[in-house]
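**Q**
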Amino acid sequence: METIASIRTLAGKDLNLLVVFRAVAETGSVTKAAHLLSLSQPAVSHALRRLRESLDDPLFVRGKSGLVLTSHAQTLIEPVKDVLARADSIFARASFDPARENRVFRLAASDFTASTMFPRLFQKLRAVAPGIRLDVSNVHRNVFDFLEEGSLDLCFIINNVAPKRFRSVDLLSDKFVGVMHKNHPLASSATQPQGISMEDYLAYPHVEVSINDSRDNLLRKKLHELGYERNVRAFLANFASGLATLEGTDLLMTIPRRLGASFIKMFGLVAFPLPFDLESHTHIVIWHERTDNEPGLSWLRQLIVINSQFID
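Here it is in C-alpha cells:
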C-alpha cells in the first residue's frame, strides 16, 4: 500500500519543474535558464512559481551576481541532480563504445560452437574490444530459464526450439558426417566414394553427444522414421570427449561436418558420408526479447553474425 501511495503522489508531480530548478540554479538567471532550455522567459518564471508553491519556499533570492539558492534549496540541489540523472538513464538509450567498455557477456555454447566460431570471435574482440570478457558455460536444460532471468545473455543451439518469447538469428548451416578412428575395421571402406553401408553403420556401436541433456535429436528422429535404431554405448556431454573415446575402439560417431574438419587430424579420425539422407541443421544464437535493444548485446550479436560468415 505504501508503494501505491507513493506512485499516486508522484503522478501529481511535474518532474519538468526540477529541470527548470536545476537550470536556474546553474545559470543564476531566469533569462539564461530559458535560453538553455529553449523555453520562453515567462514559461520558466511560471514553472519556478509553481515549484515555489509546491515546496513552500522561495528557492532563490537575488545576490550580487544573480539568483542564489536559499538555505532550503541548497539541500535540494544534489538530490535533484541525482533524480534527473537517473531519469535520463531510463529514457535515453545508453551508448556502447567497445574500445572503452569493460564488461562480461555470459554465453552458453557447446564445444562445437567454441571450436568453430570462437577462435575468430576472440581474435576480433582482442583487436576492437580488449576490455570485453566472455563467460562461457555449457548448454544445459535450464538455458531458457537463465536467459529469462537475466543470468545468461546469449545461447548457441541447433535449430530453433526456443519459446516465442526468445529472439534468434541464423548463423550457419551444416550437415552431419560419420567418423571413426583411422584403425577402425571399417576405415578402408569409409575412405571409398560409396562410404559404408547402412548395415555396417548399424552393426557397430556408437557414441552419442547429448547437448542440453536431450536424447531427442535430429539423428535419432531420422533413424526412427526409417525404422532403425543404433547401438549407442555411451552418451557424452560434449563432442571433444566423444571424439577422444574413438581411439583404439570400433565405435562410430555422427557429428557436424565442420567439427569433423577441425578435429580429424587431432584425434586421428576418418570421416565418411552417412548411408542415409539427413537434413542440414542450422546453428543459431538466441536471446530474450527483453534485451533486443540493449546496445552492448546488439553489438555483440552483430559481431557474432559477421564472424560466422567467414567460417568454412
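When you line the sequence shown up against the UniProt record's numbering, it's residues 1 to 312, in that order. Beta carbons are placed, not taken as given, at the ideal position from N, Cα and C, and that holds for glycine.
(1) Rounded to whole angstroms, what is the Cα-Cα separation between Ile304 and Val161?
(2) First and last residue of the alpha helix (DSSP H) that includes Ile264?
(3) Could you check whether Thr70 and Leu59 sit closer than 7 Å to each other, using their CB atoms as the reference points?
(4) Work out the CA separation of Ile157 and Ile286 for me, nearest whole Å.
(5) What number of angstroms, rounded off, separates the C-alpha of Val30 from the C-alpha of Leu15?
(6) If you check the beta carbons only, do Ser210 and Phe176 fall under 7 Å apart?
(7) With a threshold of 8 Å, are at least 3 pairs of Cβ atoms found where one atom belongs to the segment 288 to 305 and the other to the segment 194 to 210?
(8) Enumerate in chain order the residues of its own chain whose CB-to-CB distance from Arg233 is below 8 Å, with the five nearest sequence positions on each side excluded.
(9) Which residue or residues does DSSP assign as beta-bridge partners of Leu67?
(10) The alpha helix (DSSP H) with Val305 in it runs from where to where?
(11) Is Leu125 near Ile132, with beta carbons less than 7 Å apart?
(12) Express the C-alpha separation of Ile255 and Arg215 in angstroms, rounding to a whole number.
(13) Among residues of its own chain, excluding the 5 on either side of Thr245, which ones have a beta-carbon nearer than 7 Å to its beta-carbon?
(14) Taking 7 Å as the threshold (C-beta atoms), are Val19 and residue 318 in contact?
(15) Between Ser262 and Phe310, what straight-line distance do the alpha-carbon atoms span, to the nearest angstrom?
**A** On the basis of the supplied data:
(1) As a working note, residue 304 is residue 304 in the sequence shown. As a working note, residue 161 is residue 161 in the sequence shown. Rounded to whole angstroms, Ile304 and Val161 show a C-alpha spacing of 20 Å.
(2) The sequence position of residue 264 within the sequence shown is 264, counting from 1. Counting along the chain, the alpha helix (DSSP H) containing Ile264 begins and ends at 257 to 267.
(3) Within the sequence shown, the letter at position 59 stands for residue 59. Within the sequence shown, the letter at position 70 stands for residue 70. Their beta carbons are under 7 Å apart, which means Leu59 touches Thr70 by this criterion.
(4) By 1-based counting over the sequence shown, the position of residue 286 is 286. By 1-based counting over the sequence shown, the position of residue 157 is 157. If you draw a straight line from the Cα of Ile286 to the Cα of Ile157, it comes to about 8 Å.
(5) Here residue 30 refers to the residue found at position 30 when the sequence shown is read from its first residue. Here residue 15 refers to the residue found at position 15 when the sequence shown is read from its first residue. Rounded to the nearest whole angstrom, the C-alpha separation of Val30 and Leu15 is 18 Å.
(6) Locating residue 210 in the sequence shown gives position 210, where the first residue counts as 1. Locating residue 176 in the sequence shown gives position 176, where the first residue counts as 1. Using a Cβ distance threshold of 7 Å, Ser210 and Phe176 do not count as a contacting pair.
(7) Output reads no: the segment 194 to 210 does not touch the segment 288 to 305.
(8) On the sequence shown, residue 233 is found 233 positions in, with the first residue counted as 1. Within the same chain, Pro205, His206, Val207, Leu251 come within 8 Å of Arg233 by CB-CB distance, once the 5 residues on both sides are set aside.
(9) Position 67 of the sequence shown, counted from the first residue, corresponds to residue 67. Residue pairing by DSSP places Leu67 opposite Arg62 in a beta bridge.
(10) The count along the sequence shown starts at 1 and reaches residue 305 at position 305. 295 to 308 is the span of the alpha helix (DSSP H), which, as asked, contains Val305.
(11) Numbered from 1 along the sequence shown, position 125 holds the residue referred to as residue 125. Numbered from 1 along the sequence shown, position 132 holds the residue referred to as residue 132. The answer is yes: Cβ separation under 7 Å.
(12) Walking along the sequence shown from the start, residue 215 turns up at place 215. Walking along the sequence shown from the start, residue 255 turns up at place 255. For Arg215, the pLDDT reaches just 47, beneath the cut-off of 50, and the residue's location in the model is therefore unreliable, leaving the point undetermined.
(13) Locating residue 245 in the sequence shown gives position 245, where the first residue counts as 1. Take Thr245, set aside five residues on each side of it, and the residues of its chain with a beta-carbon closer than 7 Å to its own are Val207, Ala234, Leu251, in chain order.
(14) The first residue shown for the chain is 1 and the last is 312, placing residue 318 beyond what the model contains.
(15) Within the sequence shown, the letter at position 262 stands for residue 262. Within the sequence shown, the letter at position 310 stands for residue 310. C-alpha separation (whole angstroms): 15 Å.
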